[in-house]
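Numbering-wise, full-length UniProt numbering puts 53 at position 53 of the sequence shown, and it's gapless, one number per residue.
Quick notes on the structure that follows.
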Amino acid sequence: MFYSLGISASIGNNFTICLLCLVILKLKLGILKSVPLVFSLTSPLKLVEEENPEFWRSQARTTLQTALDRKLNTNVAKNILFFLGDGMGITTYTAARILKGQLQNQTGEETVMTMDTFTNVGLVKTYSVDFQIADSAATATAYLCGVKTNLNTIGVSAAARNGICKSQKGNEVTSILKWAKDAGKSVGIVTTTRVQHATPATSYAHSASRKWYSDADMPEAAKNDGCTDIASQLIKNTDIDVIIGGGRKYMTPSGTKDPEYPKDYSSMGKRKDGRNLINEWQSLKTGKVAHYVWNRTDFDAVDPETTDYLLALFEPGDLRFEADRDPSMDPSIVETTEKAIRILQKNPKGFFLLVEGGRIDQAHHDGRAFMALHETVAFDSAIAKGLELTKEEETLTVVMADHSHPFTFNGYPFRGQSILGKSPLWASDMLPYTTLMYGNGPGHKITNGKRPDIRNINTKTKDYVQLSAVPTESATHSGEDVAVLARGPMAHLFHGVQEQNYVAHAMAYAACVGADLRHCQAEIKPSTADHSFTFSRGAHSTAALLSSLLSVLLVLTLLI
1 MFYSLGISAS
11 IGNNFTICLL
21 CLVILKLKLG
31 ILKSVPLVFS
41 LTSPLKLVEE
51 ENPEFWRSQA
61 RTTLQTALDR
71 KLNTNVAKNI
81 LFFLGDGMGI
91 TTYTAARILK
101 GQLQNQTGEE
111 TVMTMDTFTN
121 VGLVKTYSVD
131 FQIADSAATA
141 TAYLCGVKTN
151 LNTIGVSAAA
161 RNGICKSQKG
171 NEVTSILKWA
181 KDAGKSVGIV
191 TTTRVQHATP
201 ATSYAHSASR
211 KWYSDADMPE
221 AAKNDGCTDI
231 ASQLIKNTDI
241 DVIIGGGRKY
251 MTPSGTKDPE
261 YPKDYSSMGK
271 RKDGRNLINE
281 WQSLKTGKVA
291 HYVWNRTDFD
301 AVDPETTDYL
311 LALFEPGDLR
321 FEADRDPSMD
331 PSIVETTEKA
341 IRILQKNPKG
351 FFLLVEGGRI
361 DQAHHDGRAF
371 MALHETVAFD
381 SAIAKGLELT
391 KEEETLTVVM
401 ADHSHPFTFN
411 GYPFRGQSIL
421 GKSPLWASDM
431 LPYTTLMYGN
441 GPGHKITNGK
451 RPDIRNINTK
461 TKDYVQLSAV
471 PTESATHSGE
481 DVAVLARGPM
491 AHLFHGVQEQ
501 NYVAHAMAYA
511 ACVGADLRHC
521 QAEIKPSTAD
531 HSFTFSRGAH
541 STAALLSSLL
551 SVLLVLTLLI
């Protein structure tokens, strides 16, 4: 029986046997119409191998020796590659690992993601100054500017108040992207959201509200008080070499037809001031090789070797989810990351590049685990491309999340069972539930006091919305610590449990940008300690001298 299910007959775990019996019982009662995927795909040889203790001992010995052989890389980082998975909490990270393996016809749990190969791992605390659970604006200000701040504000200290323009003045803080530019490096941002969204915006803008994407999104009082919208700051504040993402409609005058969706009113330009920021950007680059592109064909035609500046805006707003992306129109995050690096790496002084997997977060807000995990898998592939194109001895690569979501991984699914599937054990109401669920969100569906019966529902589709415990229009963020991973020069600085704002300072120190230049100024000085029998200041020196004299007397006594 067990062999026919693809599982070793030598299983001795009573709990597993109970689960198997439950599955068999459900089959006989007609509750299940087929055997779970794991039973048909899991290799019996693989599981038998794992039953051998030497399998795990050998694996651990290899990992241990690798750790023992590791040498610290204390070089000054020429380049910084900073990958930010928006909303990529630990549960998302783990579930995406399993999905990545299952997409390759593996069981998934043992899959090694690119992120898993990073040798230095720590945790960061994500709270903001005013809230226990933060948003992407406050967190971005922490890890990019090195200063914690208030919810919904970007590039300003906590002395600024959400939505109050006057409080912004004098409280601006700059980011590591600007520090790198000031140090002579090339800089860029790549995102799957609009380039005016919280994470990329914090690298160049200062705003009392993250929602001031264009002047049309600002209250008149804020404009009268002298505040400017985020899109206009994109082309003014810092000379950014590469800008890739979405957000065309925030750059053009109200009513301007979008080149891709000319009949879609919501895609039209939004600006009330009549400015065309795309044209202005092009004018500012006179004398340089600068390209503005909005589609795949023009993007592919951009030659990184001859390009100084690139502005690529592929959608009026955020980019499409990876599962919905039209490859003929929009490049993937892997391709945009590659293009950015190839343009930036021509600078002999190096570069700073921020790459954001921004739609992981947005899929979670929608309660769509399928989309969130596929976005994360694509993000991991972009990290792999970044490592492929750079040299570890000179490039500090950092991967982290800004915050997490109330996303749970629960039940007792069998090894290799679809991460998007259902737990083989049902709840006390005799109804099945999915392995992945949300604490709150749009998936709360209680009718007459009962949960929906999902026995005949395919939970593995991109449009399926996972059940949630509490009804909210959009799933919120959650407040647990998130992981930060690093490799390359000074990667060992990313360790332990730190405040989120520490990340900016550690990256800056490693690359000698910003205010703290000790790493590149440090010199190995010869020791000035005098080891001869001479008097020196301090009790420690006196004690050492007495000890030496006593030793000499003891030797003389023995000789006599």
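All C-beta atoms, glycine included, are put in the ideal place defined by N, C-alpha and C.
These numbers were taken from a predicted model, which means no experiment stands behind them.
Inset, instruction - Determine which residues share a DSSP beta bridge with residue 144 and list them. - result: DSSP output for residue 144 lists no bridge partner at all.
**Study point:** Contacts around residue 163, its chain only, beta-carbon distance under 7 Å, and the 5 residues preceding and following it disregarded
**Key:** Closer than 7 Å at Cβ, skipping near neighbours: 208, 209.
Inset, instruction - Could you tell me the distance, in whole angstroms, from the CA atom of residue 507 to the CA atom of residue 405? - result: Their Cα atoms are separated by approximately 26 Å.
TODO: Please classify residue 481: is it buried, with 16 or more other beta-carbons within 10 angstroms of its beta-carbon, or exposed?
DONE: Looking at its Cβ environment, which holds 16 or more other Cβ atoms inside 10 Å, residue 481 is buried.
Exercise. Go through its chain and collect everything with a Cβ distance to residue 474's Cβ below 6 Å, but skip five positions before and after it.
Key: Apart from sequence neighbours up to five positions away, the residues of its chain that approach residue 474 with a beta-carbon distance below 6 Å are 365, ordered along the chain.
Task: Contacting residues, own chain, Cβ-Cβ under 8 Å from residue 456 (five flanking each side not counted) - done: Cβ within range, chain order: n/a, list empty.
| task | Return the CA-CA distance between residue 379 and residue 513, expressed in angstroms with no decimal places. | result | Taken atom to atom, the span from the alpha-carbon of residue 379 to that of residue 513 is near 27 Å.
Sequence-distant residues of the same chain with beta carbon closer than 6 Å to residue 493, five excluded per side
If we look at residue 493 and ignore the five residues flanking it on each side, its Cβ neighbours are 506.
| task | Express the C-alpha separation of residue 91 and residue 377 in angstroms, rounding to a whole number. | result | Approximately 13 Å between the Cα atoms of the pair.
Exercise. Taking the CB atoms as reference points, tell me whether residue 414 and residue 438 lie closer together than 8 Å.
Key: In this structure, residue 414 sits away from residue 438, with a CB-CB distance that is not shorter than 8 Å.
Checking 8 Å against the spacing of the C-beta atoms, do residue 441 and residue 133 come in under that value?
If you check the CB distance, residue 441 and residue 133 do not come in under 8 Å.
**Report entry** Cα-Cα separation between residue 411 and residue 433, rounded to whole angstroms
**Finding:** Going by the C-alpha atoms only, they are around 8 Å apart.
Start and end residues, alpha helix (DSSP H) containing residue 370: First-last of the alpha helix (DSSP H) with residue 370: 369-389.
DSSP three-state label for residue 350, please. Judged by DSSP in its simplified three-state form, residue 350 adopts coil rather than helix or strand.
Requested in this report: Determine the burial state of residue 287: buried for a count of at least 16 other Cβ atoms within 10 Å of its Cβ, exposed for fewer.
Outcome: It is exposed - the Cβ of residue 287 has fewer than 16 other Cβ atoms within 10 Å.
Worksheet item: Is the distance from the Cβ of residue 460 to the Cβ of residue 423 below 8 Å?
Response: The answer is no: Cβ separation not under 8 Å.
For this session: Name the residue from 318, 212, 394 whose alpha carbon lies nearest to the alpha carbon of residue 165.
Result: Nearest of 318, 212, 394 to residue 165, Cα basis: 212.
Check: For residue 410, which beta-bridge partners are listed by DSSP?
Finding: In DSSP, residue 410 forms no bridge with anything.
With a cut-off of 8 Å, do at least 3 Cβ pairs link the region 355-374 to the region 317-327? Result yes; three or more Cβ-Cβ pairs closer than 8 Å.
Handout entry: Collapsed DSSP secondary structure at residue 193 in the structure displayed
Key = In the three-state reduction of the DSSP assignment, residue 193 falls in the strand class.
*How about residue 122 and residue 484: are their beta carbons less than 8 Å apart?*
Less than 8 Å divides the Cβ of residue 122 from the Cβ of residue 484.
Assigned secondary structure, residue 123 (DSSP; H/G/I helix, E/B strand, else coil): The three-state reading of DSSP puts residue 123 in strand, counting E and B together.
Exercise for the section: Can you have a look at residue 446 and say buried or exposed, based on whether 16 or more other CB atoms are within 10 angstroms of its CB? Expected result: With fewer than 16 other beta carbons inside 10 angstroms of its own, residue 446 counts as exposed.
**Residue burial classification, residue 402 (beta-carbon count within 10 angstroms, cutoff 16)** = With 16 or more other Cβ atoms from the protein chains shown falling within 10 Å of its own Cβ, residue 402 counts as buried.
**Asked** Skipping 5 residues on each side, what residues in its chain have a beta carbon closer than 7 Å to that of residue 282?
**Response** Excluding positions up to five away in sequence, the list reads 290, 292.
Q. What is the rounded straight-line gap between the Cα of residue 84 and the Cα of residue 56?
A. So the alpha carbons of these two residues sit roughly 33 Å apart.
Exercise. Looking at the unbroken beta strand (DSSP E) that takes in residue 291, where does it start and where does it end?
Worked result: Per DSSP, residue 291 belongs to the beta strand (DSSP E) from 290-293.
Is it buried or exposed, residue 264, if we count other Cβ atoms within 10 angstroms and call 16 or more buried? Classification of residue 264: exposed, given that the 10 Å Cβ count is below 16.
Practice item. With DSSP as the reference, label residue 503 as helix, strand or coil. Key: Correct three-state label for residue 503: helix.
message = Distance check for residue 95 and residue 70, CA to CA, integer angstroms please.
response = C-alpha separation (whole angstroms): 29 Å.
Worksheet entry | Buried or exposed (CB count within 10 angstroms, at least 16 for buried), residue 117 | Sixteen is the threshold: since fewer than 16 other Cβ atoms of the shown chains lie within 10 Å of the Cβ of residue 117, the residue is exposed.
Quiz item: Any heavy atom of the ligand NAP closer than 7 Å to the CB of residue 92?
Solution: This structure lacks the ligand NAP; in fact it carries no ligand of any kind.
### Where residue 48 sits in the DSSP three-state scheme
Looking at residue 48 - three-state DSSP - the assignment turns out to be helix.
Can you tell me the Cβ-Cβ gap for residue 186 and residue 344, rounded? I've got them flagged as a contact below 8 Å.
Yes, they are in contact, since the Cβ atoms of residue 186 and residue 344 sit about 4 Å apart, within 8 Å.
Looking only at DSSP bridge pairs, what is residue 334 linked to?
Under DSSP, residue 334 shares a beta bridge with no residue.
For residue 521, count the other beta carbons within 10 Å of its own beta carbon; 16 or more makes it buried, fewer makes it exposed. Which is it? So residue 521 counts as exposed.
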